[in-house]
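Chains P and W supply the protein sequences, listed in that same order.
Counting with my numbering, you get residues 6 to 119 for the letters of the first sequence.
Counting with my numbering, you get residues 28 to 511 for the letters of the second sequence.
Please read the structure below before turning to the comments.
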Amino acid sequence: MEALRTAEDTKNMSESKNKKLSPEQVEKISHLARLELSSEEREKFAGQLSSVLDYIAKISKLDLKNVEPLAHVGELKNVWREDEVERTDVHDKLMDLAPEAKRGHFRVPRIIEE
Amino acid sequence: MTMKYKTTIGMEVHVELGTNSKMFCACPTSFGAEPNSNVCPVCLGLPGSLPVINRQALIRTVKTGLALGSEIAEFSKFDRKNYYYPDLPKAYQISQYDLPLCGGGFLMIELEKGEKRIGITRVHLEEDTGKTLHESKSGRIEDAAFSLVDYNRSGTPLMEIVSEPDMESSAEAAAYLTTLRCLLRYLEVSDCNMEEGSMRCEANISVRPAGSDELGVKVEIKNMNSIRNLQQAMEYEAARQVKAIESGEKVVQETRHWQENKEVTIPMRSKETAPDYRYFPEPDLPPVVFPQELVRQLESELPELPPAKKTRFVEELGLSAYDAGVLVADKQLAGYFEECLREFPHAKTVSNWLTSELIGRLNKLGQHIGESKVSASHLVGLLKMVEAGKLSSKQAKEVLDEMVASGKEPSQVAADKELSQLSDSGELEKIVDAAIKANPDPVAEYKDGNEKALGFLMGQVMKLSRGQANPQEASRMLKDKLSG
Ligand SMILES: [Zn+2]
Chain P
6 MEALRTAEDT KNMSESKNKK LSPEQVEKIS HLARLELSSE EREKFAGQLS SVLDYIAKIS
66 KLDLKNVEPL AHVGELKNVW REDEVERTDV HDKLMDLAPE AKRGHFRVPR IIEE
Chain W
28 MTMKYKTTIG MEVHVELGTN SKMFCACPTS FGAEPNSNVC PVCLGLPGSL PVINRQALIR
88 TVKTGLALGS EIAEFSKFDR KNYYYPDLPK AYQISQYDLP LCGGGFLMIE LEKGEKRIGI
148 TRVHLEEDTG KTLHESKSGR IEDAAFSLVD YNRSGTPLME IVSEPDMESS AEAAAYLTTL
208 RCLLRYLEVS DCNMEEGSMR CEANISVRPA GSDELGVKVE IKNMNSIRNL QQAMEYEAAR
268 QVKAIESGEK VVQETRHWQE NKEVTIPMRS KETAPDYRYF PEPDLPPVVF PQELVRQLES
328 ELPELPPAKK TRFVEELGLS AYDAGVLVAD KQLAGYFEEC LREFPHAKTV SNWLTSELIG
388 RLNKLGQHIG ESKVSASHLV GLLKMVEAGK LSSKQAKEVL DEMVASGKEP SQVAADKELS
448 QLSDSGELEK IVDAAIKANP DPVAEYKDGN EKALGFLMGQ VMKLSRGQAN PQEASRMLKD
508 KLSG
């Protein structure tokens with residue numbers, strides 16, 4: 006099963022309320038977040054994530070016809086800057102932070118999707 | 028391809044907006060700087076840094092939307108697209124998901140059979156990634172153990188234009204991209220340099236038997252870095268899919284890479300499942316409610332766009348549709364043409380000299396009009412000398428050769444080469460008089476009605492002037508004097 010991400014998914018979850026996430030689902034979610042979990046942690050988070058989903062499922066059941074979808078929690082809008090250049094000379098400091106560097110580049114193991 | 032199959036193509040075009048600074052920070056966007064020199068905590072995704080939207084990038088995207096007839100969103104927001112790759116330092120790209128800045132619209136393309144409308148799905152704004160180099164002799168990732176990453180490009184404003192699957196051949200796809208690039212250059216939102224990667228395209232292509240309503244399985248093609256590449260890749264891929272269907276194989280939904288040197292598409296290694304980007308609203312950026320007054324102002328400030336300019340060149344200036352098309356296809360060429368017209372309002376003459384004489388010479392040198400040493404005012408100077416009869420058009424072409432090479436003024440070149448036509452009436456009159464005086468017999472013959480004698484006298488005038496007399500002027504003057 007795909008990770009849970011859409012309203013549709015949470016709705017589906019609400020139908021299987023109180024069902025704990027399976028170890029495979031937790032595995033999938035932790036892989037997407039590049040988190041390595043021990044089997045105890047998988048078990049623990051399966052419970053915690055399930056209760057979060059149960060809570061979302063409750064909200065999904067509310068009548069929200071007249072509620073505008075929320076794009077941002079703040080009251081702000083249109084915060085922007087003019088198109089002006091400001092240089093920050095952080096190159097050397099930055100390369101010192103790099104685990105490995107070569108000719109001014111960061112050097113990383115090759116990444117191929119498998 | 029056989030007529031038994033129909034091809035369907037949709038395009039996604041990414042354009043780097045040519046702003047001074049990046050999308051969410053004040054780092055410069057210059058191409059070709061020292062690696063990792065144009066970076067800061069924001070575009071490196073360091074913890075605690077916060078993005079701020081570049082207003083000019085919003086403006087350029089809205090301008091593009093207006094030129095494409097899109098609806099400009101009253102309410103728009105940014106979202107995070109999550110994935111892991113070394114060129115993406117935050118492990119998410121700030122993009123737009125369900126509320127893009129511009130929705131809908133269309134682009135008219137010109138084909139041999141006439142015009143065609145290509146629908147635009149959306150235009151949205153996002154940030155570019157860094158660049159990776161693979162540490163291997165071949166430069167291919169498969170052969171490399173390590174990659175080198177440069178974040179100078181990270182965070183450059185990137186506009187994505189998504190079309191409807193309205194194109195039905197490789198020629199239509201090429202016409203779409205050519206027309207779109209021309210439009211974006213008129214709008215001055217990007218230089219659209221495909222080789223340097225400031226314009227990139229991806230195409231979704233499928234084939235289906237003619238008469239079938241159901242679309243075939245679509246394949247995404249990447250890595251086409253010229254319009255020629257796009258056209259070749261679409262031809263190859265349509266033929267590949269038809270062959271697969273005819274031999275009973277299935278077309279697989281996948282992403283394929285165009286390999287320019289081998290002229291084939293090859294499947295990219297990828298996960299079996301579709302990527303899961305887990306989009307969610309960007310909490311660090313408040314939504315954008317683009318001001319309606321600014322939309323109206325930008326709309327009123329849009330430049331004359333290529334289709335309108337072409338129509339005007341044909342209808343008001345009397346150019347052929349072909350010549351108008353050649354001039355309008357290149358913003359700089361059209362600008363040069365109009366600059367000439369301001370000083371020398373003879374559109375057809377300017378168009379002829381520009382498109383066949385000057386451009387022909389520049390093409391031989393591999394120069395673009397923008398690199399030409401011949402300024403518009405110098406070209407006008409040359410055309411005025413021809414109009415005044417000071418140079419024959421043959422002489423003018425010789426002068427133009429030198430102008431293209433050296434950038435010198437036409438009058439200077441003509442003087443240096445001792446090229447001129449005698450049309451100064453005082454000078455010419457002396458020569459005509461001398462020719463009449465020296466040839467009494469032909470003069471008498473002409474007066475007796477022998478027209479041929481005039482040709483002989485003209486020859487004498489040209490000889491005495493060492494070929495520099497303006498023939499029309501000389502002939503008129505001879506006739507005047509002999510009939511008197
Ligand atoms: Zn930056």
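No residue lacks a Cβ here, since even glycine has one placed at the ideal position from N, Cα and C.
Computed from a prediction, not measured in an experiment: that's the story for all the values here.
Cβ neighbours of residue i in the same chain (closer than 6 Å, five flanking residues each side left out)
i, result
"P498 of chain W", "none"
"L160 of chain W", "L175"
"E195 of chain W", "T34"
"L481 of chain W", "Y473"
"P104 of chain P", "none"
"L354 of chain W", "L360, A361 and F364"
"Q422 of chain W", "L446"
"N179 of chain W", "A60 and N65"
"D170 of chain W", "S163"
"M221 of chain W", "N252 and S253"
DSSP bridge partner residues for residue i (one or two, in chain order)
i, result
"Y119 of chain W", "W:N109"
"F111 of chain P", "P:A106 and W:V176"
"Q286 of chain W", "W:V291"
"P55 of chain W", "W:S48"
"V69 of chain W", "In DSSP, V69 of chain W forms no bridge with anything."
"C228 of chain W", "W:V40 and W:M251"
"V234 of chain W", "W:T34"
"V246 of chain W", "W:I232"
"M485 of chain W", "Answer is none; M485 of chain W lacks a bridge partner."
"N81 of chain W", "P:R86"
"E98 of chain W", "W:G130"
"V189 of chain W", "W:E39 and W:R149"
"S103 of chain W", "W:V315"
"M194 of chain W", "W:I36"
Own chain, CB closer than 8 Å to residue i, minus 5 neighbours either side, in chain order
i, result
"L128 of chain W", "L85, T88, V89, G92, I99, A100, S103, V150, H151, L152, V315 and F317"
"L204 of chain W", "M38, V40, C228, I254 and L257"
"R235 of chain W", "Y32, K33, T35, E241, L242 and G243"
"K508 of chain W", "V459, D460 and I463"
"K277 of chain W", "V244 and A271"
"V185 of chain W", "Val is not the amino acid found at residue 185 of chain W; the sequence shown has Leu there. For L185 of chain W, where only same-chain residues beyond five positions count, the Cβ hits under 8 Å are H41, V42, E43, L44, M50, L152, E153, E154 and D155."
7 Å CB neighbourhood of residue i in its chain, flanking five on each side removed
i, result
"D193 of chain W", "I145 and G146"
"K82 of chain P", "none"
"V79 of chain W", "F51"
"A8 of chain P", "Because A8 of chain P carries a pLDDT of 43, less than 50, the predicted location of this residue cannot be relied on, and the following value inherits that uncertainty. For A8 of chain P, where only same-chain residues beyond five positions count, the Cβ hits under 7 Å are K33, I34 and L37."
"A20 of chain W", "The structure shown does not extend to residue 20 of chain W, since chain W is modelled only from 28 to 511, so the question has no answer here."
"R10 of chain P", "Only weak support is given to the placement of R10 of chain P: the predicted model assigns it a pLDDT of 47, under 50, and the question is left unresolved by the model."
"A351 of chain W", "K337, F340 and V341"
"P469 of chain W", "A480, F483 and L484"
"P113 of chain W", "T159, S174 and V176"
"M261 of chain W", "I36, S197, A200, A230 and I232"
"L491 of chain W", "I458, A461 and A462"
"D311 of chain W", "L77 and P78"
"Y213 of chain W", "P330, L332, P333 and K358"
Closer than 5 Å from C-beta to any heavy atom of ligand 1: which residues, in chain order?
-> W:C52, W:C54, W:C67, W:V69 and W:C70
Any residues in the segment 91–104 of chain P with a beta carbon nearer than 8 Å to a beta carbon of chain W? Which ones, in chain order?
-> E91, R92, T93, V95, H96, L99 and M100
Could you list the residues in the segment 169–187 of chain W with a C-beta less than 7 Å from some C-beta on chain P, going in chain order?
-> A171, A172, F173, S174, L175, V176 and D177
Segments assigned beta strand (DSSP E), at least 3 residues, entirely inside the segment 128–185 of chain W = 133–138, 141–154, 158–161 and 173–177
Can you give, in chain order, each stretch of the alpha helix (DSSP H) that sits fully within the segment 21–54 of chain P and has at least 4 residues?
-> 28–37
Please list the residues of the segment 212–235 of chain W that have a C-beta atom closer than 8 Å to any C-beta atom in chain P, keeping them in chain order.
-> none
Any chance you could list the alpha helix (DSSP H) runs of at least 4 consecutive residues sitting entirely within the segment 301–383 of chain W, in chain order?
-> 319–328, 333–342, 348–355, 358–370 and 374–379
Which runs of the beta strand (DSSP E), 3 residues or longer, sit entirely within the segment 417–445 of chain W?
-> none
Against chain P: residues of the segment 85–100 of chain W by CB proximity under 8 Å | L85
Residues from the segment 102–116 of chain W in contact with chain P, defined by Cβ distance under 8 Å = F102, K104, N109, Y111, Y112 and P113
In the segment 27–38 of chain P, which residues sit with their C-beta less than 8 Å from some C-beta in chain W, listed in chain order?
-> L37
Please list the residues of the segment 52–71 of chain P that have a C-beta atom closer than 9 Å to any C-beta atom in chain W, keeping them in chain order.
-> none
Would you list, in chain order, the members of the segment 354–376 of chain W that have their beta-carbon closer than 7 Å to a beta-carbon of chain P?
-> none
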